[in-house]
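Chemist: So the sequence shown is numbered by numbering that gives the first Met the number 0: it starts at 0 and just counts up by one.
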Amino acid sequence: MERMEITLKNDTYEAVFRTLGGELIAFRELATGTKYIFEGPDSVWKFRAPILFPHVGRIADGFYTVAGKEYHLANNGMSRDLEHTLVSRTDTTADFELTESAATADKYPWKFSLRTHYALRTDGLTFTATVTNTDSVPIKFSLGSHTAFACPRNTDPAGTTNADYQYEFEGGKPLTNVVLTDSVRLKVDSAGNTPVTRPYGEAQPGIVPIGAAGFGDGHFFTDITSGWVGLRNKNDGSLIKVNTKGYPFVMLWQNGRGADGTGGNGFNCIEPWYGAPDREDTDHSWEKKPALITLAPGESFTADQSFTIER
Numbered sequence: 000m001e002r003m004e005i006t007l008k009n010d011t012y013e014a015v016f017r018t019l020g021g022e023l024i025a026f027r028e029l030a031t032g033t034k035y036i037f038e039g040p041d042s043v044w045k046f047r048a049p050i051l052f053p054h055v056g057r058i059a060d061g062f063y064t065v066a067g068k069e070y071h072l073a074n075n076g077m078s079r080d081l082e083h084t085l086v087s088r089t090d091t092t093a094d095f096e097l098t099e100s101a102a103t104a105d106k107y108p109w110k111f112s113l114r115t116h117y118a119l120r121t122d123g124l125t126f127t128a129t130v131t132n133t134d135s136v137p138i139k140f141s142l143g144s145h146t147a148f149a150c151p152r153n154t155d156p157a158g159t160t161n162a163d164y165q166y167e168f169e170g171g172k173p174l175t176n177v178v179l180t181d182s183v184r185l186k187v188d189s190a191g192n193t194p195v196t197r198p199y200g201e202a203q204p205g206i207v208p209i210g211a212a213g214f215g216d217g218h219f220f221t222d223i224t225s226g227w228v229g230l231r232n233k234n235d236g237s238l239i240k241v242n243t244k245g246y247p248f249v250m251l252w253q254n255g256r257g258a259d260g261t262g263g264n265g266f267n268c269i270e271p272w273y274g275a276p277d278r279e280d281t282d283h284s285w286e287k288k289p290a291l292i293t294l295a296p297g298e299s300f301t302a303d304q305s306f307t308i309e310r
């Protein structure tokens with residue numbers, strides 16, 4: 000399959016996508032040249048806004064089992080590393096699809112269709128991912144996204160750092176943190192239950208600050224009551240809001256390698272997830288993985304991680 004990049008434009012924005020991963024790789028404001036999505040370098044992080052399927056988060060030891068047979072899956076699944084077919088496009092929309100193939104056989108043994116739909120709007124981007132069970136038996140999976148927003152942005156004034164931004168949860172209610180181990184797996188309590196949760200303990204309800212040097216390791220939340228989670232520039236008040244309505248989990252993450260906190264290589268991620276990392280005591284069985292979605296033959300499930308820009 001030939002690898003391609005395509006560009007969509009409307010009067011306000013341009014967006015660039017690649018067939019590898021069916022992924023958004025740039026989102027720019029035409030009038031100002033502002034780059035809202037991290038655009039590299041790959042030495043910092045090779046992805047931009049990957050779709051996570053058929054698993055989100057850590058897969059212990061890189062494999063899982065079904066009926067005693069091993070299947071090999073990277074952290075955050077296989078979708079981001081495979082070529083997707085460009086199904087259709089217009090000047091402002093694009094649709095990509097990934098289906099089972101020889102490349103997926105060792106990673107996910109079921110038949111499926113993963114359709115990703117993008118549509119430029121005057122205030123942002125519609126971004127949905129739909130899984131359809133094309134098999135004759137039920138399938139299980141998790142699904143999410145991992146959009147990296149540039150922070151600071153290329154058009155921010157000199158001296159702007161990550162600390163000039165903060166995360167905001169709509170509604171401003173106290174947050175519930177899911178406890179993760181040092182290996183970013185789900186902590187299990189003494190009774191064998193997971194997830195283990197605790198109050199996040201933020202000073203201002205629903206506000207997660209970002210330090211000048213970065214955000215640090217992933218912070219994982221559940222009991223989401225917010226219809227969106229946003230990244231706000233505290234200096235000019237601008238806000239990027241990612242849809243989180245109906246999601247059971249949201250991960251906030253920043254890769255600090257190569258990011259100096261003053262522009263260029265910095266980014267912060269807002270990741271709505273239908274699913275969770277492996278338990279710390281996993282036995283690798285796919286059927287026992289937490290928070291998987293089950294679809295009967297012919298059924299579909301859509302995750303909406305659209306984002307809106309308020310300037």
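No residue lacks a Cβ here, since even glycine has one placed at the ideal position from N, Cα and C. Note that the coordinates shown come from a computational prediction; the quantities given were computed from them, not determined experimentally.
#1: With distances taken between CB atoms, is the gap from PRO296 to SER112 smaller than 9 Å?
#2: Let me know if GLU309 comes out buried or exposed under the rule of 16 or more other beta-carbons within 10 Å of its beta-carbon.
#3: Whose C-beta lies closer than 6 Å to the C-beta of ASN234 among residues of the same chain, with five residues either side of it excluded?
#4: Since PRO194 and THR221 are thought to touch, with beta carbons under 8 Å apart, how far apart are those beta carbons, to the nearest angstrom?
#5: Can you look up ASN267 in the DSSP assignment and give me helix, strand or coil?
#6: Is ALA149 helix, strand or coil when you go by DSSP?
#7: Please classify ARG152 as buried or exposed, where buried requires at least 16 other C-beta atoms within 10 Å of its C-beta.
#8: From what residue to what residue does the beta strand (DSSP E) around GLN253 run?
#9: Nearest-angstrom Cα distance between THR131 and SER299?
#10: Buried or exposed: which applies to LEU97, given that a residue is buried once 16 or more other Cβ atoms fall within 10 Å of its Cβ?
#11: Using only alpha-carbon positions, find the residue among ILE239, ASN267, ALA14 that is nearest to ASN161.
#12: Express the C-alpha separation of SER237 and VAL183 in angstroms, rounding to a whole number.
#13: Could you tell me which of THR31, ILE292, ILE209 sits nearest to TRP252, measuring between CA atoms?
#14: Do LYS106 and HIS71 count as a contact pair if the criterion is CB distance below 9 Å?
#15: Quick check on ASP163: does DSSP put it in helix, strand or coil?
#16: Output the distance between the C-alpha atoms of GLU279 and GLU286, rounded to the nearest integer angstrom.
#17: With 16 other CB atoms within 10 Å as the buried threshold, where does PHE62 fall?
#18: Quick check on this structure: which residue in THR91, THR159, LYS110, ILE269 has the alpha carbon closest to the alpha carbon of GLY143?
#19: Can you name, in chain order, every residue of its own chain whose Cβ lies under 6 Å from the Cβ of THR129, other than the five neighbours on each side?
#20: Along the beta strand (DSSP E) that carries ARG88, what are the first and last residues, could you check?
#21: At what residues does the beta strand (DSSP E) containing THR368 begin and finish?
#22: How many Å lie between ILE5 and VAL187 at the Cα?
#23: LYS8 and LEU119 - do their beta-carbons sit closer together than 9 Å?
#24: Counting along the chain, where does the beta strand (DSSP E) carrying ALA302 start and finish?
#25: Could you check which residue in GLY170, THR31, MET77, TYR246 has the C-alpha nearest to that of ARG57?
#26: Take THR33 and list the residues in its own chain whose beta-carbon comes closer than 6 Å to its own, dropping the five residues that flank it on each side.
#27: Tell me the DSSP secondary structure of ASP94 in three-state form.
#28: I'd like to check one pair, LEU124 with ALA25: are the Cβ atoms closer than 9 Å?
#29: Looking at LEU291 and HIS145, is the spacing between their C-beta atoms short of 9 Å?
Modeler: On the basis of the data shown:
#1: no
#2: exposed
#3: ASP163
#4: Confirmed, Cβ separation roughly 6 Å.
#5: In this structure, ASN267 counts as strand in the three-state DSSP scheme.
#6: strand
#7: buried
#8: No beta strand (DSSP E) contains GLN253, which DSSP labels as neither H nor E.
#9: 4 Å
#10: buried
#11: ASN267
#12: 31 Å
#13: ILE209
#14: It is a contact, given that the beta carbons lie within the stated cut-off.
#15: helix
#16: 16 Å
#17: With fewer than 16 other Cβ atoms within 10 Å, it is exposed.
#18: If we check each option's Cα against that of GLY143, ILE269 comes out closest.
#19: Leaving aside the five residues that flank THR129 on each side, the residues in its chain whose CB is nearer than 6 Å to its CB run, in chain order, ARG114, SER299, THR301.
#20: For ARG88, the enclosing beta strand (DSSP E) begins and ends at 84-88.
#21: The chain is shown only over 0 to 310; residue 368 falls outside these bounds and no answer can be derived.
#22: 44 Å
#23: With respect to LYS8, LEU119 sits close: the two C-beta atoms are nearer than 9 Å.
#24: 299-303
#25: Ranking GLY170, THR31, MET77, TYR246 by Cα distance to ARG57 puts MET77 first.
#26: ARG152, THR154
#27: strand
#28: no
#29: no
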